[in-house]
Structures are given as C-alpha cells and as structure tokens.
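Numbering (my numbering), first residue to last: 7 to 591. Before any comments, here is the structure.
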Ligand code: UGB
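Below, the structure is given as structure tokens:
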C-alpha cells in the first residue's frame, strides 16, 4: 500500500480486489513511493477499464478463468454427457419456387431488421496490416467489403420500403463492432467515403475491449513484457458483440421502433448478401429465434458443424460444434466412424458459416438474464504434457455463435442451408498458406474469394436464362481456381433472383473471357452478346435498356428528359470483341 500514489476510493477498491483475487504479484516490482506515480495511476486506470468492460467485472473474469483452466488441465470434454444428432432446419435450392418465396418474404422483413458486422479482428492469418473491410471484394469494380455491405443494406432498405403496405420509409440500422486494432481505420474509411451513401446517423460503431492475459493455471494476470505497469491484453473474440449491443441500449431502441430481427455477419464474405433475403424469409416464416446460415459440409472440413446436443439429463441445444471437437464427440457417443459423409457425399451436420439471424424480442429477453455474457473457453498452449506452464500467456475467449448455449430448450433454434457457391467465400488465408491447402479443399484466400463472386454471378445469370461461357482453370498465387467471366453488379441491380430474372432476357450471352459490370439499378439486358468488356454506369434516375429496339422506338426514347430513359440501338447488333465499351449515363 505504501507504494501507491494518492488514489480515489474506486481505485483503492480495485487495488484491494486485485490483492484478494491473488494478484499481488502485479504490485511486487513497483518503484518506491513518489516514483513512477503517473505510470501507477495509468495502471489502475487500465484495471478500471478491464473491470467495467467485462460483464461481472475483473474478479468474475479471474474466477471463470481459474475454473476453465482447471477443466483444461484435467482434459475435461466440454460436451461431456451430450449426444449429438442432426437438427432440423431448412435446406434451400437456389432459384426454385420455395427459394423465391423465402426471398420475397425476406425482402419484406428487411425493413424490420438491424445489421451487425463484427469487424474487430485484424486477420493475422491473411498477413495484411490494414483492416479487412477495406480490401476490395473483387478487382473488377474495386469495391471494398464495407462499401459492398453498406450498399447491400441500402438496396434491401429501398426494396423493402417499396413493398411496405403502409408506404412508410425506414432506415435500417447498421452497427460495426470494432476493436482498438480496427476502430480508427474503420471510422476513417467511412468518413473519407461519405459513409458509402448511408446516413452517418444510421451507422454505429461499438468498440470491444481486449481482456487481460493470464500467465498460469492460477489465472495470474500477465504483465506486458515491455511495460511492467501494464497488463498484457488480447482480443476476447467476436462473442463480445452481444454484451456490447446490450449495454449500448440499441436493442431496446430498435424494439421500440418496431424492429424484429438482428443479423450478424463477418468481415470478408462477398457472397453473403445473396443468401440474406431468403435466410431472413426462413426466420420469418418458421419463426426461428435463432437461425444460423450454413452450407453443406464435407466430413472433417475445417468449419464447425451445427448439431443438436441432447444431455443424459434431458437438456437439449442446437449449437455449433467446432470441427476439431465434432469427430471425437461422435466417436465417444456411438458413431463408430466419427465424422463421415453420408449418401449425399456430405456430412449430415451442416457447416456453420457464422452468419446469425436472431429474433429481437427473444434476444432482448435472454440478454436481460445474461447481460450478453457468452460461455467462454480457454485454449492455453502448454509447455509440456504436465500442463503446468504455458508457452505464452493465454486469455478467455468467446464466440458469437455460442449465444444459444444459455437458451431454454423450448427456444426455436434452427438453421438454413444454402449452396456454398451462393453463400460462403471468406477471405482468411494468405497466398502462401492457401497454396498449401490440400487439393479440393477451399482456399479461403483473396484469390478464391474474388473468383467465387464471378462464379456466383455467372451461375445466377445462367439460372436466369442467359448463356454464360464455361470457366477455365487457372493458377494464381499457387492456387488453382475456376475463372468465370468477370460479371459484377451493384446490389441495387440484382438483390434477389427474381430481380435479376426480371432484368435479363434469355437470349443474352457472355463469353468466358468477358467482363460485365452493371453499375446502376434500372439496367435491362435483353439481347446482349458479349465477348469483350462492357461497363454500364447508370445514374439514379436513368433507365438503360440494351435490347433490339427498332430505330423508331429508340428515337422516341432517346433524349426524353422528363424521365430519363436511354436506349442503345447499338446493342441490337452489339458484339464487343476484345474491346471495351463504357456507357456513362
Ligand atoms: N472478430 C471480432 O470482431 N473480434 C474478435 O475479437 C475476433 C474476431 P475470424 P474465426 O468463417 O468459417 C469464425 O478470425 O474466429 C471478427 C467462427 O468462429 O475470421 O477463426 C473478425 O473481424 C467459425 O466457427 O474467424 O472463425 C471477423 O469478422 C467459422 O464459422 C469474425 O469475427 C469461421 O469464422 C471472424 O473472425 C468461418
């Protein structure tokens, strides 16, 4: 105590708490009274931040850490007593009547939804120093992830409000969870780009705090190796999003404004919004409290499996089981072959892609009980089999998809399976590591993420009736990928399959080596034969029609200024061979 500078009563309480929770060692090296007082105060300020940003405070963090570290040392199976089975969910086939029906419902519901992007991670595996949402999702248009997400939400907003029976408008709330690593750069990206067309008041940034690192099985706090007056901290995981949303007060505001859904999504999935309308429709029609988006999963593939777990005492939950835990769990519970494909060629447990849709009302009720705290885990890297010391400090972590773990068994927890090509192409791995991925497994790199967008757009156009050339195989950055025509459109052009089908005639063709960029809402492609590059930029009020208008019709249309409508008679015989046509309206 004699080493402490003059402290406020709160700081005294915090210092006492540290001593009482077995953390006296953090004071041991402190300089004599009167020396380093500013640094000592800064230390206690950091402790105060760590205390207030964790549900239950730092004492609760240390207590939980001791329990989890003891379980980890004892090798306790977190699923002890549970037997897995395949839960029921909705399996969708892109473009069929069922899918279109869910999409229509989803678009109607979108005006009652809030979107939450978790973007606190730096993406160390990607080997990129900047924020991942600033990366281009594809290099044809150069649109970055954040712009794409915002434009997708705005397109949903516009389409949803058009369908609103009472004709009312709305602004879909858009929340971004940041961290110290990403906050300033995310804000800068938004501000320097006019929030990509969104009203700044629509966007809220919630910054997650890191948590204290632990140096041993007694959960003693680790000091920063470069500063003895600082506790070392590390990210706590995307599960923080629930506590942050709860404490922000936003959930109640949304509820009072008539919102019904909250959608959570990750930082680099350029396909996701192709799956969102139908998945939201599933939530609405099936009244799911929790709906996880999933894709067919190959047995042993490195994504978690969604499983129903039934405990010997009767408890049940539908939850993501990480891939490294699923196989041992199956083997331990009577599935002798563990995680294997069934007759469909896929694991019966759908693969979690970590995009969640929660019903707002039940979500608020649950968070009132938990404060948004999510069941944590610890993953210490031990020095040896005695498990008595760590190679480096560890910390508690939590995952947003573990939210259902505390729900009552009566909660409606389901999932929606979509084709992988439509819904999932994350960018997580650097080119070197991606090149080492065994053949046939997904690379999850910037290369594969970009190619997946062209593939999805090509397949959607095909389904809409257009003739799209077959892909060729090419190697980029050591990764062999399918290269489809570089077809890209703005979300407002083709938000749903019905929308795309309405705007594309069946006699269009696009060759494999072509590039087609549709940048505008009302662009209609009736009779286009493209073997080259075509970029159409159409302003808000412009309508562009690429078809076989007669000379007489087109002369009537061209230049009408009241409702700007421009047609290109040129397209009646338009074949762009190895050339580029840019039409700016
Ligand atoms: N994130 C945060 O916002 N804060 C954090 O503290 C950490 C991350 P990763 P991960 O897509 O297939 C998840 O690192 O955690 C954000 C699921 O857990 O890309 O390895 C971060 O910015 C896993 O079940 O992924 O694995 C990013 O947006 C599986 O679904 C997001 O959280 C896997 O994703 C995910 O962070 C997947």
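Cβ atoms here follow ideal geometry from the backbone N, Cα and C, with glycine treated the same way. Predicted, not measured: the structure shown is a model, and the values here were computed from it.
Taking 7 Å as the cut-off, one finds at least one heavy atom of ligand 1 near enough to the beta carbon of residue 359. Not a single heavy atom of ligand 1 lies less than 7 Å from the C-beta of residue 190. Judged by pairs of C-beta atoms under 8 Å, the stretch 270-285 does not touch the stretch 78-87, as fewer than three such pairs exist. Across the set 312, 405, 307, the C-alpha of 312 shows the shortest separation from the C-alpha of residue 92. Apart from the 5 residues on each side of it in sequence, residue 234 sits with its Cβ closer than 7 Å to the Cβ of 35 in its chain, given in chain order. With a threshold of 7 Å, the Cβ atom of residue 432 counts as near ligand 1, since some heavy atom of the ligand is closer than that. In this structure, residue 124 has its beta carbon less than 7 Å from a heavy atom of ligand 1.
With a beta-carbon spacing of about 5 Å, residue 301 and residue 430 fall inside the 8 Å limit used to define contacts. It is roughly 16 Å from the alpha-carbon of residue 185 to the alpha-carbon of residue 238. Residue pairing from DSSP leaves residue 162 without any beta-bridge partner. Taking 3 residues as the minimum length, the beta strand (DSSP E) runs contained wholly in the stretch 33-101 are 88-91, in order along the chain. At a threshold of 7 Å, residue 302 does not count as near ligand 1, since its beta carbon sits no closer than that to any of the ligand's heavy atoms.
Fewer than three pairs of CB atoms, one per stretch, sit closer than 8 Å, so the stretch 479-499 makes no contact with the stretch 126-138. In this structure the stretch 493-504 lies against the stretch 458-476, because at least three pairs of beta carbons, one per stretch, are closer than 8 Å. Residue 245 and residue 127 have their alpha carbons spaced roughly 12 Å apart. Contact between residue 517 and residue 471 is absent: CB atoms are separated by about 16 Å, not below the 8 Å threshold. Remark: the shortest separation between the CB of residue 457 and any heavy atom of ligand 1 does not fall under 7 Å. Distances taken from the Cβ of residue 243 to the heavy atoms of ligand 1 include one shorter than 7 Å. Closer than 7 Å to some heavy atom of ligand 1: that does not describe the Cβ of residue 382. Distances from the CB of residue 323 to the heavy atoms of ligand 1 are all 7 Å or more. In this structure, 297 is the residue among 452, 484, 532, 297 with its C-alpha nearest to the C-alpha of residue 419. Pairing residue 366 with residue 210 gives a Cβ-Cβ distance that is not under 8 Å. The beta carbon of residue 436 sits closer than 6 Å to those of 132, 133, all from its chain and outside the five residues before and after it, given in chain order.
Between the stretch 329-340 and the stretch 389-405 there are fewer than three inter-stretch CB-CB distances shorter than 8 Å, so the stretches are not counted as touching. Beta-bridge analysis with DSSP links residue 183 to 124, 212. Between the stretch 372-382 and the stretch 315-334, the count of C-beta pairs closer than 8 Å stays below three; the two stretches do not touch. When the alpha-carbon of residue 172 is set against those of 117, 425, 37, the nearest one is in 117. Scanning the stretch 411-444 for uninterrupted beta strand (DSSP E) segments of 3 residues or longer gives 419-423, listed from N- to C-terminal end. If the five residues before and after residue 14 are omitted, its C-beta is found closer than 6 Å to no C-beta atom of its own chain. Taken in chain order, the whole beta strand (DSSP E) runs of length 3 or more contained in the stretch 481-533 are 485-489, 492-495, 521-525, 528-531.
If you check the C-beta of residue 479 against ligand 1, you find no heavy atom less than 7 Å away.
Under the DSSP assignment, residue 254 falls in the alpha helix (DSSP H) whose first and last residues are 246-254. Annotation for residue 146: no beta strand (DSSP E) segment contains it, and DSSP assigns it neither H nor E. Per DSSP, reduced to three states, the secondary structure at residue 219 is coil, with no helix or strand assignment. The beta carbon of residue 97 is closer than 7 Å to those of 423 in its chain, skipping five residues each way along the sequence. Looking at 327, 386, 527, 374, the one whose alpha-carbon comes closest to that of residue 411 is 327.
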